[in-house]
Amino acid sequence: MAHKFAVGDHVTWNSEAGHVQGTITKVHTGDVDYKGHTRRCTPEDPQYEIKSSKTDHVAMHKGSALTKIKG
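Under UniProt numbering, think of the first position of the sequence shown as 1, with each following residue one higher.
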């Protein structure tokens, strides 16, 4: 099942430090270099850049790692 999110969606994901919340800032539907690594993205399997609500750190995740926060 495809997980589709949009810029501005509030999401949560699990990290080494526990659950983190943030806002999607970019949706990647084509391959992209991110922090020195090529991330494979397609329109059917995009990856998302998310800015942490707490620390302003930016992370990139597949949709399967994210859960939308209702609100």
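Glycine included, C-beta positions come from ideal geometry on N, C-alpha and C. Remember, predicted model here, so these are calculated numbers, not experimental data.
(request) Could you check what DSSP says for residue 63 in three-state terms: helix, strand or coil? (result) Shown here, residue 63 sits in a helix according to DSSP, grouped into three states.
(message) Let me confirm a value: residue 49 is counted as buried when at least 16 other C-beta atoms fall within 10 Å, else exposed. Which label applies?
(response) Residue 49 is buried by the Cβ-count criterion.
(message) Between which residues of its own chain and residue 55 is the CB-CB distance below 6 Å, once the five residues before and five after are set aside?
(response) Correct list: empty, nothing qualifies.
(request) Check each candidate in 33, 13 and 37 and name the one with the smallest Cα separation from residue 61. (result) Nearest C-alpha to residue 61: 13.
(message) Suppose you measure from the CA of residue 34 to the CA of residue 41; what does that come to, to the nearest Å?
(response) Roughly 11 Å between the two C-alpha positions.
(message) Give me, in chain order, the residues of the same chain whose beta-carbon lies closer than 8 Å to that of residue 31; leave out the 5 immediate sequence neighbours on both sides.
(response) In its chain, beyond the 5 residues on either side, 38, 39, 40 and 41 have a beta carbon closer than 8 Å to the beta carbon of residue 31.
(request) Tell me whether the beta-carbon of residue 22 lies closer than 8 Å to the beta-carbon of residue 51. (result) Taking a C-beta distance under 8 Å as the contact criterion, residue 22 and residue 51 qualify as a contact pair.
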